[in-house]
Amino acid sequence: MNILLTNDDGIQAVGLRALYRAFSDAGHEVSVVAPVTEQSAVGHAVTISMPLRVKDFHEDGFEGRGVYGTPVDCVKLALSTLLSRQPDLVVSGINAGANVGVDILYSGTVSAATEGALMDLPALAVSMDDFNPRDLSGQAAYVERLIRRVAWDQLPSKCLLNLNFPACELSRAKDMVICPHTRASYQDWYETRRDPRGRPYYWLSGEIPPGLISPGRDRLLLTEGHVTLTPLRFDFNDPETRDQLRGMLEKPVHH
Numbered sequence: 010m011n012i013l014l015t016n017d018d019g020i021q022a023v024g025l026r027a028l029y030r031a032f033s034d035a036g037h038e039v040s041v042v043a044p045v046t047e048q049s050a051v052g053h054a055v056t057i058s059m060p061l062r063v064k065d066f067h068e069d070g071f072e073g074r075g076v077y078g079t080p081v082d083c084v085k086l087a088l089s090t091l092l093s094r095q096p097d098l099v100v101s102g103i104n105a106g107a108n109v110g111v112d113i114l115y116s117g118t119v120s121a122a123t124e125g126a127l128m129d130l131p132a133l134a135v136s137m138d139d140f141n142p143r144d145l146s147g148q149a150a151y152v153e154r155l156i157r158r159v160a161w162d163q164l165p166s167k168c169l170l171n172l173n174f175p176a177c178e179l180s181r182a183k184d185m186v187i188c189p190h191t192r193a194s195y196q197d198w199y200e201t202r203r204d205p206r207g208r209p210y211y212w213l214s215g216e217i218p219p220g221l222i223s224p225g226r227d228r229l230l231l232t233e234g235h236v237t238l239t240p241l242r243f244d245f246n247d248p249e250t251r252d253q254l255r256g257m258l259e260k261p262v263h264h
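Every number in this note's numbering is 9 more than the matching position in the sequence shown, counting from 1.
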């Protein structure tokens, strides 16, 4: 396959490098276009008020293009300008930290894959439920086997797959479960701290309250040790509320 590989942790991140090796060793053609610096939680941000600059990376056994921009910038620039032909698949990851539930809106990893899907290309986002992974070669090999098993041309248009690995050695992980994402949201708070000059600054923290996490959905399954796979389509239409509003607002108004 001809694969566009990107991420939000930066072009030197361990997860991206692991996927590059796994895909290349399996004979796939891999084009890397990824942020030069970490872009976690930038969502679907697009750079419109500054120029995008590109830096070539040529290292032992690796080559790619680093973009001084967001993950979505990388995919847009790659597909419209940098690549000589369209890829068969867009892969984003492996991200350090899970992307489940509402994370799919915040995540640069998922947003990069979403941009590929919006441009009618098959797309896969991959994450690991560990913020400090050191060796993701096993997970990368798992991803390579998975992409060969999926009949990408049979999936719906503008659909992407969101794959998450649990925070354990792959040999100890439970079977993959195809599941919906959790609908629970984070409970956020800001810690107030002070810099060396005594001025306050604020550091975001948060968690999904365990009591709000539904069984059979990605967050709980991942915590239980399963690999999770969630198909996503970003259709924000709300037909139920639309019908409700019609009932409210399309009635004749009597004066």
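For every residue, glycine included, the Cβ atom is placed at its ideal position computed from N, Cα and C.
message: Taking the straight line between their C-alpha atoms, what separation do you get for E153 and A31?
response: In the sequence shown, residue 153 corresponds to position 144, counting from 1. In the sequence shown, residue 31 corresponds to position 22, counting from 1. Each residue's Cα considered, the two are about 7 Å apart.
field: C-alpha gap between D97 and R74, whole angstroms
entry: On the sequence shown, position 88 is the one that residue 97 refers to. On the sequence shown, position 65 is the one that residue 74 refers to. Computed Cα separation, rounded: 19 Å.
Alpha carbon of E200 to alpha carbon of F66, nearest angstrom: Counted from its first residue, the sequence shown places residue 200 at position 191. Counted from its first residue, the sequence shown places residue 66 at position 57. E200 and F66: Cα-Cα distance of roughly 38 Å.
- request: Count the C-beta pairs between the segment 36–43 and the segment 71–86 that are closer than 8 Å, then say yes if the count reaches three, no if not.
  value: Three or more beta-carbon pairs drawn from the segment 36–43 and the segment 71–86 are found closer than 8 Å, and the two stretches are therefore classed as touching.
- prompt: Given a threshold of 16 other Cβ atoms within 10 Å of its Cβ, counted over all protein chains shown, does D34 qualify as buried or as exposed?
  reply: Here residue 34 refers to the residue found at position 25 of the sequence shown. D34 should be labelled exposed.
task: Given a cut-off of 9 Å, decide if S194 and N217 are closer than it, judged by their beta-carbon atoms.
output: As a first step, residue 217 is located in the sequence shown; it is residue number 208 there, counting from the start. As a first step, residue 194 is located in the sequence shown; it is residue number 185 there, counting from the start. Per the sequence shown, residue 217 should be read as Ile rather than Asn. With contacts defined by Cβ atoms closer than 9 Å, I217 and S194 form a contacting pair.
field: Boundaries of the beta strand (DSSP E) in which F71 is found, first to last residue
entry: Numbered from its first residue, the sequence shown carries residue 71 at position 62. F71 to V76 is the span of the beta strand (DSSP E), which, as asked, contains F71.
Which of helix, strand or coil DSSP assigns to F174: Within the sequence shown, numbered from 1, the residue matching residue 174 stands at position 165. In this structure, F174 counts as strand in the three-state DSSP scheme.
message: Within 8 Å, do at least three Cβ pairs link the segment 129–142 to the segment 100–108?
response: Because the criterion of three Cβ pairs below 8 Å is met, the segment 100–108 and the segment 129–142 touch.
query: From what residue to what residue does the beta strand (DSSP E) around E200 run?
result: Within the sequence shown, residue 200 is the residue found at index 191, counting from 1. Residues Q196 to R203.
- prompt: Can you tell me where the beta strand (DSSP E) with S40 in it begins and where it stops?
  reply: For the purposes of this step, residue 40 is taken as the residue at position 31 of the sequence shown. Run containing S40: E38 to P44, per the beta strand (DSSP E) assignment.
query: With distances taken from CA atoms, which of L230, D17, G78 and G70 is nearest A50?
result: By one-based count along the sequence shown, residue 50 stands at place 41. When each option's Cα is compared against that of A50, the closest is D17.
- prompt: For F71, which residues from the same chain have a beta carbon less than 7 Å from its beta carbon, with the 5 sequence-adjacent residues on both sides left out?
  reply: Indexing the sequence shown from 1 puts residue 71 at position 62. Excluding its 5 nearest sequence neighbours in each direction, F71 has C-beta neighbours in its own chain below 7 Å: R26 and Y29, listed in chain order.
Beta bridge counterpart(s) of C168 as assigned by DSSP: Numbered from 1 along the sequence shown, position 159 holds the residue referred to as residue 168. The partner list for C168 (beta bridge, DSSP) reads R242.
- request: Report the residue from T191, G125 and L92 whose alpha carbon sits nearest the alpha carbon of T232.
  value: On the sequence shown, residue 232 is found 223 positions in, with the first residue counted as 1. When C-alpha distances from T232 are compared across T191, G125 and L92, the shortest belongs to T191.
- request: Starting from F66, follow the beta strand (DSSP E) in both directions and report where the run begins and ends.
  value: For the purposes of this step, residue 66 is taken as residue 57 along the sequence shown, with counting starting at 1. V63 to E68 is the extent of the beta strand (DSSP E) around F66.
- prompt: DSSP puts L98 in a beta bridge; with which residues?
  reply: In the sequence shown, counting from the first residue as 1, residue 98 sits at position 89. According to DSSP, which records beta bridges pairwise, L98 is partnered with I12.
query: First and last residue of the alpha helix (DSSP H) that includes K85?
result: For the purposes of this step, residue 85 is taken as residue 76 along the sequence shown, with counting starting at 1. K85 -> alpha helix (DSSP H) spans P80 to L86.
field: Beta-carbon spacing of D162, P205 below 9 Å
entry: Translated into the one-based positions of the sequence shown, residue 162 becomes position 153. Translated into the one-based positions of the sequence shown, residue 205 becomes position 196. Cβ atoms of D162 and P205: not closer than 9 Å.
query: Cβ of N171 within 9 Å of Cβ of L114?
result: Here residue 171 is taken as the residue at index 162 of the sequence shown, counted from 1. Here residue 114 is taken as the residue at index 105 of the sequence shown, counted from 1. Cβ atoms of N171 and L114: not closer than 9 Å.
query: Using the C-alpha atoms, what's the distance from T123 back to L13?
result: As a working mapping, residue 13 is identified with position 4 in the sequence shown. As a working mapping, residue 123 is identified with position 114 in the sequence shown. In a straight line, the C-alpha of L13 is about 13 Å away from that of T123.
query: For G125, which of helix, strand or coil comes out of DSSP?
result: Translated into positions along the sequence shown, residue 125 becomes position 116. DSSP places G125 in helix when its eight states are reduced to three.
- prompt: In angstroms, rounded to a whole number, what distance separates the CA positions of Y77 and M59?
  reply: Here residue 77 is taken as the residue at index 68 of the sequence shown, counted from 1. Here residue 59 is taken as the residue at index 50 of the sequence shown, counted from 1. Between Y77 and M59, the alpha-carbon positions lie close to 10 Å from each other.
- request: Using the Cα positions of R208 and A176, report the straight-line distance between them to the nearest angstrom.
  value: Along the sequence shown, one-based indexing puts residue 208 at 199. Along the sequence shown, one-based indexing puts residue 176 at 167. Cα-Cα distance, rounded: 37 Å.
- prompt: Distance, Cα to Cα, L61 vs A87?
  reply: In the sequence shown, counting from the first residue as 1, residue 61 sits at position 52. In the sequence shown, counting from the first residue as 1, residue 87 sits at position 78. Between the C-alpha atoms of L61 and A87 there is a straight-line separation of about 12 Å.
task: Would you check if the distance between the CB atom of L92 and the CB atom of V63 is smaller than 9 Å?
output: The residue you call residue 92 lines up with position 83 of the sequence shown. The residue you call residue 63 lines up with position 54 of the sequence shown. No, these two residues do not count as a Cβ contact at 9 Å.
query: Nearest CA to the CA of I57: which residue from G256, T79, D69 and E68?
result: The residue labelled residue 57 in the question sits at position 48 within the sequence shown. Residue T79 holds the alpha-carbon nearest to the alpha-carbon of I57 among G256, T79, D69 and E68.
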